[in-house]
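K.L.:
I'd like to ask some things about the structure below.
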Amino acid sequence: MCWHYGRRPSAAYFRDLRFHDLRHEGTSQIATVFEIHEQAKVNGNVDTRMLLRYFHPHGRELAQKLARSPLGRRQQDQLRRAREEAAPTPGS
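Numbering (full-length UniProt numbering), first residue to last: 1 to 92.
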């Protein structure tokens, strides 16, 4: 996170860091690779409910996934048509 913002992390930040502390970030990272049932196995979760406790999807990634889906493309087409219908025609 610090590198993302161009800062150098403080050594004190890592003093009490445990492997379990990285579980939230790791779970969110592997979500881009695996389906949820596969992710639960990789993570060592018995069911997906516990997996969802650690999974925190990034909003931008979810929006991109929606935009690429058939539903997202249909919504984009509807919005484009609505804009075209609302746009003034030349000479009117």
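Ideal Cβ positions, reconstructed from N, Cα and C, are used throughout, including at glycine.
Because the structure is a prediction, the values reported are computed rather than measured.
So what's alanine 82 in DSSP terms, helix, strand or just coil?
P.N.:
In the sequence shown, the residue the question calls residue 82 occupies position 82. DSSP places alanine 82 in helix when its eight states are reduced to three.
K.L.:
Let me know the alpha helix (DSSP H) ranges lying completely inside the stretch 15-54, each 4 residues or longer, listed in chain order.
P.N.:
The stretch 15-54 contains these whole alpha helix (DSSP H) runs: 23-30, 36-43, 48-54.
K.L.:
Helix, strand or coil for glycine 72 per DSSP?
P.N.:
On the sequence shown, residue 72 is found 72 positions in, with the first residue counted as 1. If DSSP states are grouped into helix, strand and coil, glycine 72 belongs with the helices.
K.L.:
In angstroms with no decimal places, state the Cα-to-Cα distance between arginine 80 and arginine 74.
P.N.:
Translated into positions along the sequence shown, residue 80 becomes position 80. Translated into positions along the sequence shown, residue 74 becomes position 74. Distance between the alpha carbons of arginine 80 and arginine 74: 10 Å.
K.L.:
Can you grab the Cα-Cα spacing for the pair phenylalanine 14 / alanine 63, in whole Å?
P.N.:
Indexing the sequence shown from 1 puts residue 14 at position 14. Indexing the sequence shown from 1 puts residue 63 at position 63. Their Cα atoms are separated by approximately 33 Å.
K.L.:
Compute the Euclidean distance between the alpha carbons of histidine 24 and lysine 41, then round it to the nearest angstrom.
P.N.:
Indexing the sequence shown from 1 puts residue 24 at position 24. Indexing the sequence shown from 1 puts residue 41 at position 41. Computed Cα separation, rounded: 15 Å.
K.L.:
Sort Ala12, His20, Glu61 by Cα distance to valine 33 and report the nearest one.
P.N.:
Within the sequence shown, the letter at position 33 stands for residue 33. Taking only the C-alpha atoms, the option nearest valine 33 is Glu61.
K.L.:
Classify phenylalanine 19: buried if its beta carbon has 16 or more other beta carbons within 10 angstroms, exposed otherwise.
P.N.:
Residue numbering aside, residue 19 sits at position 19 when the sequence shown is read from its first letter. That one is exposed.
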